[in-house]
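Residue numbering for the sequence shown follows this note's numbering, starting at 103 and increasing by one per position. Even for Gly, the Cβ is constructed at its ideal location relative to N, Cα and C.
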Amino acid sequence: MLDSNLKNQVKQYLQLLEREVVITASLDESENSKKVKEFIDELLPLSDKLKLKEGNLKYTPSFSLSSEDIEGITFAGIPLGHEFESFVLALLQVGGRVPKIEESQIKRIKSIDKELDFQTIVSLSCHNCPEVVQALNIMAVLNPKIKHTMIDGSMFKDYVEELGILAVPTSYLKGELFYNGKISLNEILNKVTDEKEDLKLDEKEEFDVLVIGGGPAGATAAIYAARKGIKTGLVAKEFGGQVKETLAIENITGLSYTEGPKFMDYVREHVQKYNVDIIDNVNVENIIEANPIKIITDHGELKSKTIIIATGAKWRLIGVPGEIEFRNKGVAYCTHCDGPLFKNKRVTVIGGGNSGIEAAIDLAGIAKEVLVLEFLPELKADSILQDKLKELKNVRVITNAATQSLEGGKVLEKITYQDRVSGEVITEDTQGCFIQVGLVPTTEWLDNVEKNSRGEIIVDEFGKTNKEGIYAAGDCTNSTFKQIVIAQGSGAIAALGAYNYLMTK
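Structure below.
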């Protein structure tokens, strides 16, 4: 189950264990239990600090991790794929290693004085799930009143169907839905405690450059500004941006392959090498033109001589009845995260560009049947993707299809579209719909600067907007092409433009 290279890596990590960790296994005679037992048996020889005992846990098969004063973490299933890192981190933390989070977060977790029992349903191919699993595991490590169980949805299919879960990660607290989707540790703490963390933003000194947004453009802008020796800050709802939703990245020069979350972890490490004040888990709500510029957030007010807006883009909605109502109930956007929940089901992909056809190809290996609907007369995906699509027997492609509605009861059941040539309205059975029609700029909150008809901020060759001291970069601007490397380049341009502006003041 674990190859020799992975075993050697884990063995090295386990040398960091400071105390004995007991693995309590709840197993029966099922095939899934045998697989979990095999996984545990391969781990035990890797450290003499790992001990095994039998137990009777809530979920079978499952196993818990405990030490002399920690017993709140359980894995129901085999934490491989993207969850293997979550498992190794949990082992180390239960084994005495202090979680690498802010001291203020540790204090907030330890101050919780009520019983909290979380369950998180995941798929092992979901790159968004580990952030939630690891956050809740950390809470369970630091506070004995908190427990957390990771549940592999593919191993507990009946349970997942009983709950009607069609998107991951999905977290429950004491049997009630807590949150569907990715959520940060600070956001979890805000939901389970009475008050938001006081970041004391109003007390921060005025910045020379404040970057709004934590994607490739924003991060690059922050690096270039900080390298000029000026006071630089970066504020973002989440560091990483849309790139963290991307699995495979193969078009960054000098880096033949990486994955979005890993890439943005490297980017954050790079930013942290400079004197950049990173303020994340904060949502910017408005900008007030003044001297200095005032940035209004949901945690207080910041001030800066110049700002660089790099808020990126988000999934485009198609705007039909049922799209919002059935989100996470059949309507999805990430095939890697949610695709495994639609095994042997009929699914639809809306969109015939690269992202849509890549989604259809991925889903064809999971679903019973894949229907691709494209509004235009022909697909726009690269020919290499279209050729691969044609080889798949369980994929149908319909062009000139205008989606009319998504329908169902508790979950999505049907999709209706109109043939744009004949005018015929057609309804198809579908249990899942993956919408892949591109992105829209995240600028709806911004009224201060000039935007085009698509909502993109209009900038000049220096990244400057039509307002003094306000610059913009990346996918939220009117750049012709939207690519990671282009966003990075525009971030550098905006930072240098802002620096030159400051030097002339």
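- When the five nearest sequence neighbours on each side are left out, the beta carbons in the same chain lying within less than 8 Å of the beta carbon of Ile351 are those of Val345, Leu357, Tyr359, Thr360, Glu361, Gly362, Phe365, Ile586, in order along the chain.
- Each residue's CA atom was taken as its position, placing Ala415 and Asp577 some 6 Å apart.
- Taking the C-beta atoms as reference points, Ala597 is found nearer than 7 Å to Ala327.
- When DSSP states are grouped into helix, strand and coil, Met257 belongs to the coil group.
- Met103 is a Cβ neighbour of Phe141, given a cutoff of 7 Å.
- The three-state reading of DSSP puts Lys153 in strand, counting E and B together.
- For Gly571 against Lys407, the beta-carbon gap comes to about 7 Å, under 8 Å, which counts as contact.
- Linking Thr251 to Glu308 through their CA atoms gives a straight-line distance of about 44 Å.
- The stretch 444-454 makes no contact with the stretch 545-556, as fewer than three CB pairs between them are under 8 Å.
- DSSP, read as helix, strand or coil, puts Met366 in helix.
- Here Ala178 is near Ile253, since their CB atoms are less than 7 Å apart.
- Pro271 counts as buried, since at least 16 other C-beta atoms from the protein chains shown sit within 10 angstroms of its C-beta.
- When the beta-carbon positions are compared, Lys259 and Glu217 stay at least 7 Å from each other.
- Spatial neighbours of Ile354 in its own chain (CB-CB distance under 8 Å, excluding positions within 5 residues in sequence) are listed in chain order as Thr360, Phe365, Ile586, Val587.
- When C-beta atoms of the stretch 433-441 are compared with those of the stretch 220-227, three or more pairs fall below 8 Å, so the two segments count as touching.
- Gly565 is the residue among Glu299, Gly565, Leu182, Gln117 whose C-alpha sits nearest the C-alpha of Ile410.
- By the Cβ criterion, the stretch 415-429 is in contact with the stretch 532-541, since at least three pairs of Cβ atoms, one from each stretch, lie closer than 8 Å.
- Between Lys212 and Leu244, the gap from beta carbon to beta carbon is short of 7 Å.
- Nearest to Glu530 by alpha-carbon distance, out of Ser524, Val523, Phe536, Tyr519, is Tyr519.
- At the C-beta level, Val373 and Ala321 come within 7 Å of one another.
- The DSSP-derived three-state label of Ser406 is strand.
- In the three-state DSSP reduction, Asp143 falls in the helix class (H, G or I).
- Segment contact: the stretch 376-384 against the stretch 463-473, fewer than three CB-CB distances shorter than 8 Å; contact not assigned.
- Nearest to Thr544 by C-alpha distance, out of Asp521, Thr348, Ala338, is Ala338.
- The alpha-carbon separation between Ile208 and Lys202 amounts to approximately 10 Å.
- Going by beta carbons, Gln488 and Leu478 fall outside the 7 Å limit.
- Distance from the Cα of Ile420 is smallest, within the candidate group Ala503, Ala461, Pro442, for Ala503.
- Taking the Cα of Leu268 as reference, the smallest distance to any Cα among Lys276, Asn282, Glu144, Leu238 is reached at Asn282.
- Within the DSSP bridge table, the entry for Gly335 names Leu312, Asp379 as partners.
- Secondary structure of Met241 (DSSP, three-state): helix.
- The Cβ atoms of Leu514 and Phe444 lie no closer than 7 Å to each other.
- Looking at Ile172, Leu475, Val422, the one whose alpha-carbon comes closest to that of Ala242 is Ile172.
- In the structure shown, Tyr573 falls within a strand segment according to DSSP collapsed to helix, strand and coil.
- Assignment of beta-bridge partners to Pro543 by DSSP yields Ala415.
- Membership of Tyr519 in the beta strand (DSSP E) is indicated by the continuous run 514-521.
- Taken in chain order, the unbroken stretches of alpha helix (DSSP H) that lie wholly in the stretch 419-469 and span 4 residues or more are 437-440, 456-466.
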